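Top line first, the protein sequences correspond to chains P and L. When you read off a place in the first sequence, starting at 1, and then add 939, the result is the number in this note's numbering. When you read off a place in the second sequence, starting at 1, and then add 10, the result is the number in this note's numbering. All C-beta atoms in this analysis are idealised placements derived from N, C-alpha and C, irrespective of residue type, glycine included. The structure presented is a predicted model; accordingly, all values stated were derived computationally and were not measured. Here's the structure, in structure tokens; my notes come after.
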Amino acid sequence: MTPGVSATDIGTRATPLREPEPAPHCSPEQGCITCGDVAVPLTALLVDDGRGLALCRDEQGRRETVEIALVGEVAAGDELLVHAGTAIAHLGPGGRS
Amino acid sequence: MKYVDEFRDPELGRALSGEILSMVEPGRHYKLMEVCGGHTHSIYKYGVDDLLPENVELVHGPGCPVCVIPMGRVDDGLAIARNEEVIFTCFGDMMRVPGSEQTFLEAKAEGADIRMVYSPLDALRIAKANPDRVVVFFAIGFETTAPSTALTLKRAKLEGVENFLCVCNHVTIVPPLRALLESPDLRLDGFIGPGHVSTIVGARPFEFIPADYGKPLVTSGFEPLDILQGIQMILAQIAEGRAEVENQYARVVPYDGNVAALKVMSEVFELRPHFEWRGLGFISQSGLRLSDAYADFDAELRYEAPGVRVADPKACQCGEVLKGVIKPWECKVFGTACTPEHAIGTCMVSPEGACAAYYQYGRFAREREVV
């Protein structure tokens, strides 16, 4: 298990922290990851197969709960291509040591 | 970083650029459409068009889900958002899209409980945290985003969440492409096919483009080298007299799509007979609504919405831009009355919009051309 992460973290992130301004993902410099046909690679930290969710992090260490129903088996350390909170492609065991 | 640095190598970029130059016939004009707003954004961010010969022109397609939402749908969303028990949720870019009177952001400033979310799952979480309110998710997007909404609705049903509703504005990519190809004022030589939409639907649904219209299509990734290679593959087909669907983005696009995603979409959604697209008008079977099995989650059935068609502002030429008939800077209000801060049309609102991409990356100084 990744240090500092527990199974209860999955699906319990406090969404209101990111309210209310349409930023930073929607800035013209970065584009909007949700509205456009854009997806970002994230690394799975914890997988809850029962609920079909994985806690993932991006390169900057930001964490996000992701639906994994579309990409088959996922293990901690795998890299996923994520769009609007859903993994749309499995990029392989990229981060696994 | 994996899948990024390898696709921004300047040496490889120059080599591809040289190869493209050697493939084009002097005196022939090549007009290629990048269907997807994500491609438009990358092309101008990385200056991909500057690496192309002068006779290869890129035309921007209708693939930005924010840009194609008509004003009437925004007005419908606003009418629902103004209900007191409603917490209205939508993606960030949607907040600034003008309805006939105001944007979601302006309605929020006037007191409506409108919140930005990054995913439908976030909206469901808000619903679970606020059982005494009704949370409405304003769903937009092509097939890339639709499975995300479908999975969340399925989860809501499974978990018995009754205070979560959806306004479904999801659209499909094939019907507008067919409409564009039928358009008499548009001549194209080939298509850069969408990347992440194809991750879901595959490359196979685009086979009608070479089969019925004789044009090549290459699904491409979003990094500069992906796009250059996609263009090179299209030009190779033209040079060899071929018209096929090819897949440059094979590292994430399965030719037959994502079966699990297509299955969940078919459970949760059904095709609308017609859906209005900004600038393109009504296109048959191009939009999705919730299926009968998910009717309890349909905000349009629960709340009164005007459902009125609202004409675009007269000065706005988003329609012509979306069809690739004019370039953004040829619009009468581009960079003057219409800027990202005070957008008149949707193409200037979304960063994936062709106008915003031109504006942001210094393309507004180009000479206006008479078309």
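Practice task
Measuring only between beta-carbons, confirm whether Ser129/L sits less than 8 Å from chain P.
Solution key: What you label residue 129/L is simply residue 119 of the second sequence in a count that begins at 1. Judged by the 8 Å Cβ criterion, Ser129/L is in contact with chain P.
Handout entry: DSSP-derived helix/strand/coil call for Thr50/L
Key = Start at 1 with the first residue of the second sequence, and residue 50/L comes out as number 40. The DSSP-derived three-state label of Thr50/L is helix.
Practice task
Report the three-state DSSP secondary structure of His352/L (helix, strand or coil).
Solution key: One-based indexing of the second sequence puts residue 352/L at position 342. Correct three-state label for His352/L: coil.
Practice task
Please name the residue in Pro108/L, Val66/L, Gly48/L whose C-alpha comes closest to that of Gly82/L.
Solution key: Here residue 82/L corresponds to residue number 72 of the second sequence, with the count starting at 1. With distances taken between Cα atoms, Gly82/L lies closest to Pro108/L.
Handout entry: Helix, strand or coil at His206/L [DSSP, three-state]
Key = Indexing the second sequence from 1 puts residue 206/L at position 196. Reduced to three states, the DSSP call for His206/L is helix.
Exercise for the section: Starting from the beta carbon of Leu1020/P, find every residue of chain L whose beta carbon is closer than 7 Å, and list them in chain order. Expected result: In the first sequence, counting from the first residue as 1, residue 1020/P sits at position 81. Ordered by position in chain L, the residues that pass the 7 Å Cβ test against Leu1020/P are Val262.
Problem - Ranges of the alpha helix (DSSP H) found wholly within the region 80-164 of chain L, counting only runs of at least 4 - result: Restricting attention to alpha helix (DSSP H) runs no shorter than 4 residues, the region 80-164 of chain L encloses them at 81-91, 114-119, 130-139, ordered along the chain.
Problem - Residue range of the unbroken alpha helix (DSSP H) whose run includes Cys178/L - result: Taking the first residue of the second sequence as position 1, residue 178/L is located at position 168. Membership of Cys178/L in any alpha helix (DSSP H) is not indicated; the residue belongs instead to the beta strand (DSSP E) covering 174-180.
Problem - Neighbour flag for Ile79/L against chain P, beta carbons, 8 Å - result: Taking the first residue of the second sequence as position 1, residue 79/L is located at position 69. Chain P has no Cβ within less than 8 Å of the Cβ of Ile79/L.
Exercise for the section: Could you please give the first and the last residue of the uninterrupted beta strand (DSSP E) stretch that includes Pro234/L? Expected result: Locating residue 234/L in the second sequence gives position 224, where the first residue counts as 1. No beta strand (DSSP E) holds Pro234/L; the alpha helix (DSSP H) holding it covers 234-249.
Handout entry: Rounded C-alpha distance that separates Ala364/L from Thr356/L
Key = Along the second sequence, one-based indexing puts residue 364/L at 354. Along the second sequence, one-based indexing puts residue 356/L at 346. Distance between the alpha carbons of Ala364/L and Thr356/L is about 10 Å.
Problem - C-alpha distance - Val144/L paired with Gly224/L, whole-angstrom precision - result: Here the question's residue 144/L lines up with position 134 in the second sequence. Here the question's residue 224/L lines up with position 214 in the second sequence. Near 50 Å, if we compare the C-alpha coordinates of Gly224/L and Val144/L.
Problem - Whether Glu1012/P touches Leu992/P by CB criterion (8 Å) - result: Within the first sequence, residue 1012/P is the residue found at index 73, counting from 1. Within the first sequence, residue 992/P is the residue found at index 53, counting from 1. Cβ atoms of Glu1012/P and Leu992/P: not closer than 8 Å.
Exercise for the section: Determine contact between the region 143-163 of chain L and the region 86-101 of chain L, defined as no fewer than three beta-carbon pairs at a distance below 8 Å. Expected result: Yes: at least three Cβ pairs fall under 8 Å.
Handout entry: Selection from Glu172/L, Asp15/L, Ala119/L, Pro36/L that minimises the alpha carbon distance to Ile136/L
Key = Position 126 of the second sequence, counted from the first residue, corresponds to residue 136/L. With distances taken between CA atoms, Ile136/L lies nearest to Glu172/L out of Glu172/L, Asp15/L, Ala119/L, Pro36/L.
Practice task
For Ala1028/P, decide whether its Cβ has a neighbour in chain L, counting only Cβ atoms nearer than 8 Å.
Solution key: Numbered from 1 along the first sequence, position 89 holds the residue referred to as residue 1028/P. Under the Cβ criterion of 8 Å, Ala1028/P is counted among the residues facing chain L.
Handout entry: Residue span of the beta strand (DSSP E) that contains Asp987/P, given as start and end
Key = In the first sequence, counting from the first residue as 1, residue 987/P sits at position 48. It spans 979-987 - the beta strand (DSSP E) in which Asp987/P sits, taken as one unbroken run.
Problem - Residue burial classification, Gly251/L (beta-carbon count within 10 angstroms, cutoff 16) - result: Stepping through the second sequence from its first residue, residue 251/L is reached at position 241. Taking a 10 Å sphere around the C-beta of Gly251/L, we find fewer than 16 other C-beta atoms and assign the residue as exposed.
Practice task
Give the secondary structure of Val359/L by DSSP, where H, G and I count as helix, E and B as strand, and everything else as coil.
Solution key: Position 349 of the second sequence, counted from the start, is the residue given in the question as residue 359/L. Note: Val359/L maps to helix in three-state DSSP.
Handout entry: DSSP-derived helix/strand/coil call for Ser294/L
Key = What you label residue 294/L is simply residue 284 of the second sequence in a count that begins at 1. Note: Ser294/L maps to strand in three-state DSSP.
Exercise for the section: Have a look at Ser301/L and Met43/L and give me their C-alpha separation to the nearest angstrom. Expected result: For the purposes of this step, residue 301/L is taken as the residue at position 291 of the second sequence. For the purposes of this step, residue 43/L is taken as the residue at position 33 of the second sequence. So the alpha carbons of these two residues sit roughly 33 Å apart.
Handout entry: Expected contact under 8 Å - CB spacing of Arg214/L and Tyr265/L to nearest Å
Key = In the second sequence, residue 214/L corresponds to position 204, counting from 1. In the second sequence, residue 265/L corresponds to position 255, counting from 1. Sure, about 6 Å apart at Cβ, within 8 Å.
Exercise for the section: Report all residues from its chain with a CB closer than 6 Å to the CB of Thr162/L; omit the five preceding and five following residues, and keep chain order. Expected result: To locate residue 162/L, count along the second sequence from 1; it is residue 152. Non-local C-beta neighbours of Thr162/L in its own chain, meaning closer than 6 Å and more than five positions away in sequence, comprise Pro130, Leu131, Leu134, ordered along the chain.
Handout entry: Proximal residues of chain L, C-beta to C-beta of Leu1009/P below 7 Å
Key = In the first sequence, the residue the question calls residue 1009/P occupies position 70. Using a Cβ-Cβ cut-off of 7 Å, Leu1009/P is close to Pro157, Asn268, Ala270, Ala271 of chain L, given in chain order.
Practice task
Could you check which residue in Ile336/L, Ile244/L, His39/L, Tyr368/L has the C-alpha nearest to that of Pro350/L?
Solution key: Taking the first residue of the second sequence as 1, we reach residue 350/L at position 340. For Pro350/L, the closest alpha carbon among the candidates Ile336/L, Ile244/L, His39/L, Tyr368/L is that of Tyr368/L.
Problem - Start-to-end residues for the beta strand (DSSP E) that takes in Phe218/L - result: As a working note, residue 218/L is residue 208 in the second sequence. Looking at the DSSP string, Phe218/L is not in any beta strand (DSSP E); the run it does join, the alpha helix (DSSP H), is 218-223.
Practice task
Figure out for me which residue from Ala25/L, Ile219/L, Met358/L has the closest Cα to the Cα of Leu190/L.
Solution key: Counted from its first residue, the second sequence places residue 190/L at position 180. Answer by Cα proximity: Ile219/L.
Exercise for the section: Using beta-carbon positions only, say whether Ile1027/P and His206/L come within less than 8 Å of one another. Expected result: By one-based count along the first sequence, residue 1027/P stands at place 88. By one-based count along the second sequence, residue 206/L stands at place 196. Annotated as proximal: Ile1027/P and His206/L, with beta-carbon spacing under 8 Å.
Problem - Beta-carbon gap between Tyr128/L and Gly1024/P smaller than 8 Å - result: On the second sequence, residue 128/L is found 118 positions in, with the first residue counted as 1. On the first sequence, residue 1024/P is found 85 positions in, with the first residue counted as 1. For Tyr128/L and Gly1024/P, yes; Cβs fall inside 8 Å.
Practice task
Look at the alpha carbon of Ser110/L and the alpha carbon of Arg261/L, and state the distance between them as a whole number of angstroms.
Solution key: As a first step, residue 110/L must be located in the second sequence, where it is residue number 100. As a first step, residue 261/L must be located in the second sequence, where it is residue number 251. Between Ser110/L and Arg261/L, the C-alpha separation is close to 42 Å.
Practice task
Using the Cα positions of Glu968/P and Ala271/L, report the straight-line distance between them to the nearest angstrom.
Solution key: As a working mapping, residue 968/P is identified with position 29 in the first sequence. As a working mapping, residue 271/L is identified with position 261 in the second sequence. With a pLDDT of only 45 at Glu968/P, under the threshold of 50, the placement of this residue in the model should not be trusted, and no figure is reported.
Problem - Cα-Cα separation between Glu1018/P and Pro157/L, rounded to whole angstroms - result: What you label residue 1018/P is simply residue 79 of the first sequence in a count that begins at 1. What you label residue 157/L is simply residue 147 of the second sequence in a count that begins at 1. Cα to Cα, the separation comes out at about 19 Å.
Practice task
Using a Cβ-Cβ cut-off of less than 8 Å, list which residues of the region 204-219 of chain L approach chain P; keep chain order.
Solution key: Contact residues of the region 204-219 of chain L toward chain P are Pro204, Gly205, His206, Val207, Thr209, Ile210 (C-beta to C-beta distance below 8 Å).
Practice task
Give a yes or no on whether the minimum CB-CB distance between Glu1006/P and chain L is below 8 Å.
Solution key: What you label residue 1006/P is simply residue 67 of the first sequence in a count that begins at 1. So, interface residue.
Exercise for the section: Establish whether the CB of Gly329/L and some CB of chain P are separated by less than 8 Å. Expected result: Working through the second sequence from its first residue, we reach residue 329/L at position 319. No Cβ of chain P is located within less than 8 Å of the beta carbon of Gly329/L.
Handout entry: Span separating the alpha-carbon of Ile244/L from that of Tyr40/L
Key = Looking up residue 244/L in the second sequence gives position 234. Looking up residue 40/L in the second sequence gives position 30. Approximately 10 Å, taken between the alpha carbons.
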